[in-house]
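Shown next, in structure tokens, is the structure this report addresses.
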Amino acid sequence: MKRNNNTLYTALFVITIAVITLFTLVYTSSRGFTDEERTIIHAASPAARAQEYDGKLMRVWKITQLDDSLLLRQTAEPLTKEMLETEEFRTLVDRMLITVKDSLDEGVGIAAPQVGISRRVVLVQRFDKDGEPFEAFINPEILSQSDSTVFGMEGCLSVPEIFGKVERASSIRLKYRTMQFKDTTETVQGFTAVIFQHEIDHLNGILFIDRMVE
Ligand code: ZN
Numbered sequence: 021m022k023r024n025n026n027t028l029y030t031a032l033f034v035i036t037i038a039v040i041t042l043f044t045l046v047y048t049s050s051r052g053f054t055d056e057e058r059t060i061i062h063a064a065s066p067a068a069r070a071q072e073y074d075g076k077l078m079r080v081w082k083i084t085q086l087d088d089s090l091l092l093r094q095t096a097e098p099l100t101k102e103m104l105e106t107e108e109f110r111t112l113v114d115r116m117l118i119t120v121k122d123s124l125d126e127g128v129g130i131a132a133p134q135v136g137i138s139r140r141v142v143l144v145q146r147f148d149k150d151g152e153p154f155e156a157f158i159n160p161e162i163l164s165q166s167d168s169t170v171f172g173m174e175g176c177l178s179v180p181e182i183f184g185k186v187e188r189a190s191s192i193r194l195k196y197r198t199m200q201f202k203d204t205t206e207t208v209q210g211f212t213a214v215i216f217q218h219e220i221d222h223l224n225g226i227l228f229i230d231r232m233v234e
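Under our numbering, the first residue of the sequence shown is numbered 21, with each subsequent residue one higher.
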């Protein structure tokens with residue numbers, strides 16, 4: 021009886037295709053942003069405001085829209101060193117900065133999910149530094165926090181027309197990567213610490229209304 025090699029060849033073919041697909045997936049995910057993310061990062065400004073800020077203003081995703089709300093509730097993915105070296109990343113941070121400083125709806129901090137990118141990067145206005153600059157923080161996490169807390173009124177660019185009182189730690193030990201992907205830890209206090217807690221919550225799908233006491 022003649023041996024039938026067809027099954028063997030088919031199996032080898034399927035395995036080869038599977039290996040190629042796997043390597044492509046690993047390569048694209050390590051390389052950078054997905055096609056969908058790239059589209060959002062380069063998307064035109066909202067039509068009514070397209071002429072302002074050289075078209076850099078991004079649409080702010082809001083909980084009042086279902087699709088926006090679903091993304092705002094996701095846990096955001098970390099950024100890799102390779103992603104920080106991409107043109108998309110620089111464009112994203114640049115446009116997030118324009119958006120948070122927009123005089124029509126001005127913020128003191130913004131997280132990438134608020135512009136539709138489920139990645140772990142936030143911009144925070146450093147009220148604890150001279151000139152109160154906005155700075156970007158990559159993959160930020162709170163290592164520890166003080167037992168002492170403060171109550172303050174909060175609002176959010178993604179939560180229209182609601183302000184409420186939230187309890188936050190008055191001091192936090194923070195770990196993050198800089199724009200150069202340098203591993204950094206630092207202790208932050210006061211209002212700036214409150215902004216960090218609000219923005220890092222966004223990366224975990226948490227909104228201030230979840231913590232609102234009144
Ligand atoms: Zn917010």
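Glycine included, C-beta positions come from ideal geometry on N, C-alpha and C.
Query, Result
"Where Ala96 falls, given that 16 or more other Cβ within 10 Å makes a residue buried", "buried"
"Rounded straight-line distance, which links the Cα of Leu227 to that of His218", "8 Å"
"Beta-carbon spacing of Gln134, Gly225 below 8 Å", "no"
"Gln200, enclosing beta strand (DSSP E) - first and last residue", "Counting along the chain, Gln200 falls outside any beta strand (DSSP E), and DSSP gives it neither H nor E."
"Met199 vs Ala156 beta-carbon contact at 8 Å", "yes"
"Three-pair Cβ contact test at 8 Å for the segment 71-82 versus the segment 107-119", "yes"
"C-beta contact flag for Gly184 and Glu234 at 8 Å", "yes"
"Any non-hydrogen atom of the ligand ZN closer than 7 Å to Leu177 Cβ", "yes"
"His222 Cβ short of 7 Å to the ligand ZN heavy atom set", "yes"
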